[in-house]
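If you read the sequences in order, they're chains A and B. With the UniProt record's numbering, letter number 551 in the first sequence gets 551, and the count goes up by one each step, no holes. With the UniProt record's numbering, letter number 151 in the second sequence gets 151, and the count goes up by one each step, no holes. Have a look at the structure below before the remarks.
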Amino acid sequence: MTRRNRHHERAERDGEHDEPRVADGGHERPADTDGGHERSPTPLEDVGAVGRAFRVEELPPLSSVARWFVTTNHKDVGVLYVVTSLFFLVFGGVLALLMRAELWTPAADLLGANAYNQAVSIHGMVMVFWFLSPLAFGFANYMVPLQIGAEDLAFPRLNALSYWFYLFSGLLLGASFFQEGAFSGGWTMYAPLNVPVYTPELGATTTVLALLLFVASITVSSVNFLTTMHRMRAPGLTLRKLPLFTWTILLTVWMMLFAFAALGAALVILTSDRVLGTTYFAAETAGGSLLWAHLFWFFGHPEVYIVFFPALGVMAEIFQTFSGRRLVGRKWFILAMVLVALQSFAVWMHHMFLTSINLQVKTLFMITTIGISLPFDLMVFALIYTLVKGKVRFETPFLFAFGALALFILGGITGVFLGAVVLDYEFRGTYWVVAHFHYVMVGGVTGLVGGLYYWFPKMTGRMYDETLGKLHFALYFVGFNLLYFPMFVAWETPRRVFVYDVSLLPWHQLSTVGGFLLGASFLVMFYNLTRSLWAGDRVEGNPWDYTTTAEWAVPSPPPLENYPEGTPTYARGKLEFLAPSAVRSLGRTGADGGTDEASTPSTDGGTVVRDRSSAPVVPETDFDEGGHDEHHASHASPWPFVVGVAAFFALLGLSGVNEGGLYLVLLAVGLLLGTVGFVAFGLEPFHVPEMVAAERWPFAGVENAKLGVWIFLASDVVLFGAFVGSYAFIRVAFGWTAWEPVPHDPFPGLVNTYLLLTSSFAVVLALVAAKRRSRAGLVGSLVVTFLLGVAFLVNKAVEWQELFHEGLTLSTGVRTSTFYLTTGLHAAHVVVGLLILLYLIARALRGGYLDDDRPVEYFGLYWHFVDIVWLFLFPLFYIF
Amino acid sequence: MFELSSSVGSVTAVLQAGGDVRTPATEFEAIFRVFLVLGVLVGVVVLVYMTYNAVKFRAGGPNTAEGDADRPRLGELPTGSGGGRKLFLSFGLSAVIVLSLIAWTYSSLLYVEGDPPGDDALDVEVEGYQWGWAFTYPNGYTDSTLRVPADRPVRLTLTSRDVFHNFGVPELRVKADVIPGQETDAWFVAEEPGTHTINCYELCGAGHSYMSADLVVMEPDAYETWYAGTDNSSEGSEPDGNETTSANGTTTANATLAGVLP
Ligand code: HEM
Ligand SMILES: [Cu+2]
């Protein structure tokens, strides 16, 4: 039996536990389905001792340092995310305190202009990118699979890769300070201040590249989470029934997928401007400055919801648990979030009300902006009404969630001020905005801190100290308001300045005091949590009353495989754990649309929602010919880490390629290491069992890896969309008709169109050959595809060579910039395709893919996509 | 009167707005005041209400039901949603407040976006650069201080020589983005003679914090006299290029800057 936590009075709950239940409040469960809490204190050793699979044994124990470099388990990765994000909180926090210290007096004293501008810019980036979302994604990594009843994410190694990209992008950002200084143009990076003419430091380029790596991390993780959440839900757990935290993550990831693709495009263009010398954002480029603003805010506004939604989810979970009430208007709450997520892509121009956009557009965006604020009213009221008739317990997680709601309300009200365009005109660029967005974003942080306390016992098996938790909250809340409220009063201070009007002195000093108080409150938290790791009371099951979600139905911390003793299912309307044999039969009944068909496990009718094979299903695993016990998942791989290191070196090298020397060496080392890492990644046997039965709407018919490819391509569409959009935008500003295509001769382009179309055809033949189990046919078709791709590149190289000779280089002007960069991005896609082809050919030569042709099929998807893109680019850049 | 501290600057501006002319400043103050009152009201009501309920229904409190009947249970699936009526009522109410507020401000927006009243507006071209401002008058005269007559609308056309800036005079509630390759416009009326500070509101490089200039509002007669004495030879010489920021009215700023910049 689980030991109750000391915080809870047991008496009032007794006496109503007689009916047999499987998971009934989390305190007592029948032994046969209890999710394994009769384990030894260290579940991982336990699993190893049973000798369940040699793969598992490869994962070193938790105490070993090596484990943290090779783990692919979602819970480990979740912990890594949480810890790393807290490190970046400290980093960003120190920068903030430096600024607040500088602002203690109205004159410039502590920091120089460059130092201050770097502090503002990097503080903003670190907090938004490297702290806020990653903290939320630490929780998501840990909790989402548990909440939906999956054993891990769909692609565990890609998950580890996301983490390493994230960590190394942060380190790259740190490195930028040592290359003459980091980027100093604000987190919004407005053009043309962001090009080397105005920010020549190498470190500024590194900052941009760090962000780019961060975008890569986010993209990989979005693909992973979307595949997981759409295809790996326990039977009976339809989308509508998902826990609220998982819901917010689902919407967040969808927004991330598209928003970050747009940011990625902006950053690729910026990198090219900074490193290759294109001129998109140069001051002389008509529309260049506005183009950046459009691209940035197309990403930037959804980003606001991206950072806030997970906090909202955490708040909703905590409100329900600590009030003992189900969320009021849950359906509407979810609907409101869906609306916000959709609409978030249609409000970006409200950041540009003071630019030269015309009144009609302003009005339109004013309407969409107000429209998007209304669903939040509903969510706020839903949370408040949840408390009514509740049994509210003011423990630390609730205090933070409650405080977060209060702060968010203030942030929301002050946001309405900004929605009124006439007021926005005056608030733009002032401390009103600074105060407002801190109330909203740090309000979100407050909710997440609540989540940290809420899930701390789940993740560590130990309870934090409640008194210190309350003390943290008190200091935090007072410090917060002391820090940010005075900014509303002193709102006439321009943003990002370190000298201000003397009359505002008292307010800024109050604010600085608050800042240090807020910082100090985190020391209490760090002390509390670190100490509790060793000295906290043990929590073996569930320390909280009235939890509903599945993570609380397993031991704390959960065993490596999450549910080793029974597969979770909601098929009969509530959480149950089925023995493996029962699962098999469940798999043969329908579990597709959230009906309760599966509640009568039988082998008769029902749709068979099983995968083509229960053998290794992910292309990651396609080399797994060893045929080891397929029931046991792999949990360790060193390659994600290696690829992460490689990315770090390569990008650091890229930041200074034009300097040559050491930078070239770094670049070469990075590329080499990356190649090794990726090939080894591909060759490594790594087994991820696909769930036998799962809720998969609306992707029941697509398997995980294929869905992953589709989702990735969706983000790639946005990437190219942003490039083509940028081209169109600049061309309109330039004068559409005055613009002539760069190549005077469309013929090479035409030839390339034929080459690519033919190669697409060859890929189709390859797949047919694989299905017919013809090795020669398969290899032959793949080789033809490869040769056609090479011919495409050679033809392009010749064409470019000629253009260069005519003096048309990347930096000649916007016409050549857009031409080379857009078609160059496409060519880079071709190159990546050819590398994958090489790999496929090598494997096909040894007889691969004849039994399992899916990798060829997925490659085909990518290759067709690249062809289709060319069909758009060719007319745009060669004919019109 | 604008020498008063800026934190009470809004109050002074409100008092001053009692006048007849509608200017961006009066529009702003009127709207801001209503928003402030309503915002505080709504904020207080909502915060008090939520705290009241949280405390009222605290565990062990007199209003809290004993026992766990109908409390959430581990492993349950979420059911439909109760409380829809009340939720929609509050939501509807808040939506109406927000929508009507915004709709009400729309006419103001149209007014501010439109041309300045009357047809005697003074036209000045503004160019921002790293790090200062150049003001060019209709006769071609360029200066680094903006001098305008009191009580007469001033229409600004703004652009930038280098990076993105933002022109703002907080006390007169006028602001506009200053974008290279683009023209934006804005107008204002300064009712009383006096001096105001022009700031840059968009981070534009190392000198951003110091990118300010003076706006001198003169008696109309004094202004006319001063203007008659100017010509396009630009005695207040407009600097060109990023480097040579001295030799003009922004010398104070630049002196400070020199000490700060590496
Ligand atoms: C924890 C979450 C936080 C987030 C997400 C956050 C976010 C941001 C962002 C995005 C900016 C704008 C940067 C820019 O203008 O380029 C900013 C500016 C700033 N933040 Fe934070 N911040 C956080 C915490 C803090 C804390 C704890 C402090 C104070 C101790 C602080 C003080 C400041 C200051 C002084 C500025 C400069 C404002 C300006 O001049 O524009 N922030 N923050
Ligand atoms: Cu400026």
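C-beta atoms are modelled at their ideal positions from N, C-alpha and C, and glycine is treated no differently.
Does DSSP classify residue i as helix, strand or coil?
i, result
"A/Ala119", "helix"
"A/Pro568", "strand"
"B/Tyr201", "coil"
"A/Tyr385", "helix"
"A/Lys574", "strand"
"B/Tyr129", "strand"
"A/Glu695", "strand"
"A/Leu876", "helix"
"A/His864", "helix"
"A/Glu102", "helix"
"A/Asp545", "coil"
"A/Met232", "coil"
"A/Pro494", "strand"
"B/Glu29", "helix"
"A/Thr71", "strand"
"B/Asp119", "coil"
"A/Leu871", "helix"
"B/Val216", "strand"
"A/Thr737", "coil"
With a 10 Å radius around its C-beta and 16 neighbouring C-beta atoms as the bar for buried, classify residue i as buried or exposed.
i, result
"A/Asn358", "exposed"
"A/Val328", "buried"
"residue 891 of chain A", "Nothing can be reported for residue 891 of chain A: it is not among the residues displayed for chain A, which extend from 1 to 880."
"A/Ser811", "exposed"
"A/Ala535", "exposed"
"B/Asn63", "exposed"
"residue 910 of chain A", "There is no way to answer for residue 910 of chain A, as the model of chain A reaches only from 1 to 880."
"A/Asp592", "In this predicted model, A/Asp592 has a pLDDT of only 40, less than 50, meaning its place in the structure is not dependable; the value taken from the coordinates is given anyway. Buried: at least 16 other Cβ atoms inside 10 Å."
"A/Glu690", "buried"
"A/Pro619", "Reliability of the predicted coordinates at A/Pro619 is poor, the pLDDT of 34 falling under 50, and the value obtained from them is presented with this limitation in mind. So A/Pro619 counts as buried."
"A/Ile372", "buried"
"A/Ala844", "buried"
"B/Glu3", "For B/Glu3, the predicted model reports a pLDDT of 35, less than 50, meaning its position is unreliable; a value from the coordinates is still stated below. Looking at its Cβ environment, which holds fewer than 16 other Cβ atoms inside 10 Å, B/Glu3 is exposed."
Please tell me whether residue i has its Cβ less than 8 angstroms away from any Cβ of chain A.
i, result
"B/Arg71", "yes"
"B/Leu146", "no"
"B/Leu215", "no"
"B/Gly39", "yes"
"B/Ser108", "yes"
"B/Val124", "no"
"B/Ala59", "yes"
"B/Ile179", "yes"
"B/His196", "no"
Check the Cβ-Cβ distances between residue i and every residue of chain B, and say whether any is below 8 angstroms.
i, result
"A/Gln320", "yes"
"A/Asp481", "The sequence as given places Asn at residue 481 of chain A; Asp does not occur at that position. No, no contact with chain B."
"A/Trp552", "yes"
"A/Asp273", "no"
"A/Ser117", "A small fix is needed here, since residue 117 of chain A is Asn in this sequence, not Ser. At least one chain B Cβ lies under 8 angstroms of A/Asn117."
"A/Trp332", "yes"
"A/Tyr142", "no"
"A/Ser373", "yes"
"A/Thr430", "yes"
"A/Tyr198", "yes"
"A/Asn114", "yes"
"A/Asp76", "no"
"A/Asp851", "no"
*Hey, which unbroken runs of the beta strand (DSSP E) at 3 residues or more fall wholly within the segment 142-206 of chain B?*
Runs of the beta strand (DSSP E) spanning 3 or more residues and lying entirely within the segment 142-206 of chain B occur at 146-149, 154-160, 165-169, 174-178, 184-188, 194-200, in chain order.
*Let me have the residue list for ligand 2: C-beta closer than 5 angstroms to any non-hydrogen atom, ordered along the chain.*
Counting only heavy atoms of ligand 2, the residues whose C-beta sits closer than 5 angstroms to one of them are, along the chain, B/His165, B/Cys200, B/Cys204, B/Met211.
*asked:* Threshold first: 4 residues or longer. Then list the alpha helix (DSSP H) segments lying entirely within the segment 102-181 of chain A, N to C.
replied: At a cut-off of 4 residues, the continuous stretches assigned as alpha helix (DSSP H) that sit fully inside the segment 102-181 of chain A are 113-125, 133-148, 156-176.
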